[in-house]
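First residue of the sequence shown: 42, per our numbering; consecutive thereafter.
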Amino acid sequence: MTEVMKQCNLEKNSTFKSYLVTVDAKQEWDFIKNIYDFKTVWVSGRDIEGNGNYTYSSGPQTNQPLFNMYTGQCWGMSIKRYCPFNAGEPSLTLAAGEDYIYIKGPNWNFNTAKGSNDLVYTAYCEIQPIKEVYVPSIGTNGGSITINNLSQFNISTINITFSNPTKQLSKSCNITSKQETSITCIVPPLSGLYNVTVQDASGVKSTHYAWQPYPPFIKAVYPSFTANGSITLIGDNFGDNTNNLVFVNVSTSNIPCNIIIASSTQIICKLESSLVGDTKLLPISISVDDVYTQTFKPHIFCDNRFHSTILFGGEYERVRQLMVDKVTMESTPNAPYIGAIESAEMYQCFNQSLNIKDYPNFRFWQGVSYNSNNNSFTRNNGPFKGTISPLYYTKTIDPGVTQSSNNILYNINDATISSEIEDVNYYTPLITFYTSDAPFIYSICNITNGTQSLVTINGNHFGKDSSYVLVTIQGKQCRSPQFIGPDFKHFTCLLLDSVEPSSILLDYNVTIRVAEMVTSKMVVVSIAVVAEPESDSESHSYKSFVKARILDIVILIGLIIIPLAIILLVVLALKKKKVQVTKIFSKMFKNKNKEAKKDTNEMEMYPIPKQQPTTNTQQ
């Protein structure tokens with residue numbers, strides 16, 4: 042490999058530099074495939090320290106990130122199937138010892154090998170003008186970049202513009218610092234292919250064509266395998282939260298998953314048809330405004346847990362320690378552990394997700410040990426260590442399992458178990474994640490009825506990666522959650538749909554999911570709190586929280602006092618009415634008494650004459 046790089050460097054002259062090809066544009070890759078007919082060829086890329094982090098090994102991108110073996114993230118500019126490592130690469134064995142990248146036909150996948158490989162005898166060299174400006178990539182949310190090789194420009198008057206001809210859109214890169222031959226500037230949020238123009242006041246100009254942000258990165262998947270089933274993708278660089286053109290396909294059959302909701306960190310889509318037979322969920326492909334990626338390596342949610350699909354082989358203890366050191370999921374503070382396939386549902390989910398048909402010898406280390414006392418299996422690591430495992434398998438226990446102290450190996454193709462050690466390079470841990478605390482909601486504010494709202498939610502146990510935070514308010518998705526401040530207890534999300542409260546109390550049904558933990562709560566919402574400038578995010582978070590609490594108290598007091606005041610007024614009104622009625626009746630009784638007394642007096646003044654007795658006389 043060293044000799045190949047030297048040969049490429051020899052092609053340079055006073056005008057052009059030459060180096061091992063970096064393959065950083067789709068057009069370039071199509072050109073190479075159509076012109077040359079080699080079956081294997083070296084390209085730029087190495088893991089020089091053997092730690093699973095691949096970088097470019099040549100050209101202006103030297104030492105820029107290319108691929109992370111333990112997350113599956115690709116940083117390189119997109120080509121069809123760019124970073125096209127299949128399920129078993131960069132390597133089934135540990136990264137150390139297989140340091141360089143070559144491409145192999147007919148599928149043109151990336152493969153890794155040591156610096157010398159008799160099967161790889163060709164390399165592509167690339168030439169480039171020595172004075173060409175280098176513009177690095179950044180994520181779709183934007184951020185700071187340093188543009189180099191600007192010696193031909195007047196730095197004091199330089200201007201950087203990103204323009205998208207398709208969208209008829211132009212954005213400036215805000216310069217924050219200037220050096221002798223480079224500048225640092227802030228790229229705004231953007232998505233798709235851009236032309237980057239560098240120009241100074243004297244008219245010196247250079248345009249970098251087809252620049253693009255980092256390709257989409259799928260971290261995790263809530264899967265489905267049936268037609269019209271809902272799939273949720275968690276990740277980064279899914280767009281810039283504008284009207285992005287997003288396409289998702291699953292499996293090597295490229296089955297469409299029709300978009301329902303898409304934001305910069307979350308996509309929800311529905312499968313167009315069921316996955317049957319040997320059709321697996323992985324790989325998943327995404328195109329966002331013509332920026333493409335494909336991955337075999339996201340975390341998969343099966344049997345109420347996330348499991349990694351990163352594959353690296355070795356002896357049990359070695360891969361277990363490597364897993365703890367290298368594999369993370371920022372939605373939980375807990376370290377991963379070696380899990381076990383403990384149900385038919387888990388087996389079906391994992392089997393239908395993984396595309397490892399090219400690796401018939403593949404096995405998963407299980408985090409269980411055989412217990413001869415009661416013919417059962419016991420979990421030997423993780424949060425449930427020491428408890429009984431309902432290990433799922435399809436045949437009787439092999440005698441080798443009951444008589445050996447070796448750890449258990451699981452064949453995902455037929456659900457059989459064994460303890461026979463053959464080729465440890467094909468034995469990988471079943472990496473499992475565990476979230477111990479459910480999200481807790483203190484309050485929410487800034488919901489404006491009848492229009493979209495940038496909602497603020499305060500609480501705890503949201504993890505450290507906001508892309509894993511799934512939020513619905515009154516059943517409507519609140520998109521693009523983003524933490525405020527360093528404590529991960531406050532975040533904003535964009536509610537595009539108008540929602541109505543459940544009652545006059547202004548209460549809303551809020552549901553938050555982080556991995557396997559879900560919390561639903563009826564929350565009284567403070568509305569229309571004006572956001573502070575975000576120059577001091579911690580102060581902004583605190584002030585917003587205090588304002589929200591004050592408004593909550595005012596609303597609560599109002600909700601208590603107003604009904605009490607109404608009741609008091611009614612009581613007073615009734616009491617007043619009762620007094621008036623009493624007076625009327627009292628007056629009536631007085632009048633009647635007076636009339637009765639008057640009648641009595643008149644009777645005394647004019648006594649009734651006594652009647653004389655009558656006598657009947659007989660004639």
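Even glycine gets a Cβ: it sits at the ideal position worked out from N, Cα and C.
Name the DSSP beta bridge partners of Asn501, please?
Phe481
Of the choices Thr320, Asp140, Ile327, whose alpha-carbon is the least far from that of Leu286?
The shortest C-alpha separation from Leu286 is found at Ile327.
Cutting at 8 Å between CB atoms, please list the residues of its own chain near Thr248, excluding the five before and the five after it.
Asn236, Val237, Thr238, Val239
What is the DSSP secondary structure of Leu61, reduced to helix, strand or coil?
strand
Under 8 Å, with one C-beta from each stretch per pair, do the stretch 285-302 and the stretch 210-228 reach the 3-pair mark?
no
Unbroken alpha helix (DSSP H) runs of length 4 or more, entirely within the stretch 378-456: which are they?
385-394, 440-444
Quick check on the burial criterion: 16 or more other C-beta atoms within 10 angstroms. Buried or exposed for Ser185?
exposed
Once DSSP output is grouped into helix, strand and coil, what is the label at Val559?
strand
Taking the beta carbon of Ser119 as the centre, do at least 16 other beta carbons fall within 10 Å, making it buried, or is it exposed?
Residue placement at Ser119 is poorly supported in this model, since its pLDDT is 41, which falls under 50; the coordinates are not used for a value here.
With a 10 Å radius around its C-beta and 16 neighbouring C-beta atoms as the bar for buried, classify Tyr143 as buried or exposed.
It is buried - the Cβ of Tyr143 has at least 16 other Cβ atoms within 10 Å.
Tell me where the beta strand (DSSP E) around Leu536 begins and ends.
531-536
Looking at the secondary structure, which residues open and close the alpha helix (DSSP H) in which Tyr357 lies?
In the DSSP assignment, Tyr357 falls within the unbroken alpha helix (DSSP H) covering 357-367.
Are there 16 or more other CB atoms within 10 angstroms of the CB of Lys321, so buried, or fewer, so exposed?
Taking all protein chains shown into account, Lys321 has 16 or more neighbouring C-beta atoms within 10 Å of its C-beta and is therefore buried.
Using 8 Å as the Cβ pair cut-off and three pairs as the minimum, do the stretch 48-66 and the stretch 87-106 touch?
yes
Report back the beta-carbon spacing between Ala381 and Gln407 to the nearest angstrom; my notes put them in contact at under 8 Å.
5 Å
Compute the Euclidean distance between the alpha carbons of Ala136 and Glu371, then round it to the nearest angstrom.
Residue confidence for Ala136 is low, a pLDDT of 48 falling below 50, so the modelled location carries little weight; the figure read from the coordinates is stated next. Between Ala136 and Glu371, the C-alpha separation is close to 23 Å.
Check whether the Cβ atoms of Ile179 and Pro264 sit closer than 7 Å, and answer yes or no.
no
Using the Cβ count rule (16 or more neighbours within 10 Å means buried), how would you classify Asp399?
exposed
Within 10 angstroms of its Cβ, does Ala261 collect 16 or more other Cβ (buried), or is it exposed?
When all chains shown are included, Ala261 counts as buried.
Which whole-angstrom value describes the C-beta separation of Phe474 and Thr373, a residue pair presumed to lie in contact below a C-beta threshold of 8 Å?
Between Thr373 and Phe474 the Cβ distance is about 6 Å, and since that is below 8 Å, they are a contact.
Among the residues of its own chain, which have a CB less than 6 Å from the CB of Asn412, if the five just before and after it don't count?
Thr419
Alpha carbon to alpha carbon, how far is Thr273 from Lys311? Give it in angstroms, no decimals.
9 Å
With Val496 and Ile553 assumed to form a contact (beta carbons below 8 Å), what rounded beta-carbon distance in angstroms separates them?
In fact, because the Cβ distance is near 12 Å, the residues do not count as touching under 8 Å.
Using the Cα positions of Phe258 and Phe108, report the straight-line distance between them to the nearest angstrom.
11 Å
Evaluate Ala606 with the Cβ neighbour count: other Cβ atoms within 10 Å of its Cβ, from every protein chain shown; 16 or more gives buried, anything less gives exposed.
exposed
Taking the alpha-carbon of Asn466 as reference, which of Glu356, Ile196, Tyr255, Leu610 has the nearest alpha-carbon?
Glu356
Would DSSP call Leu274 helix, strand or coil?
When DSSP states are grouped into helix, strand and coil, Leu274 belongs to the strand group.
Determine whether the beta carbon atoms of Met42 and Tyr141 lie at a separation below 7 Å.
yes
Roughly how many angstroms lie between the CA atoms of Asn284 and Ser232, to the nearest whole one?
10 Å
DSSP has Pro106 in a bridge; who is on the other side?
Thr96
Is the stretch 446-458 in contact with the stretch 387-398, if contact means three or more CB pairs nearer than 8 Å?
yes
Measure the C-alpha to C-alpha separation of Phe529 and Ser507 and round it to an integer number of angstroms.
9 Å
With the cut-off set at 7 Å, would you say Ser445 and Ser460 are in Cβ contact?
yes
If you draw a straight line from the C-alpha of Pro604 to the C-alpha of Met387, how long is it?
Each residue's alpha carbon lies about 54 Å from the other.
Here's the rule I'm using: 16 or more other beta-carbon atoms within 10 Å means buried, otherwise exposed. How should Lys367 be labelled?
buried
Helix, strand or coil for Ala614, going by three-state DSSP, please let me know.
It is helical.
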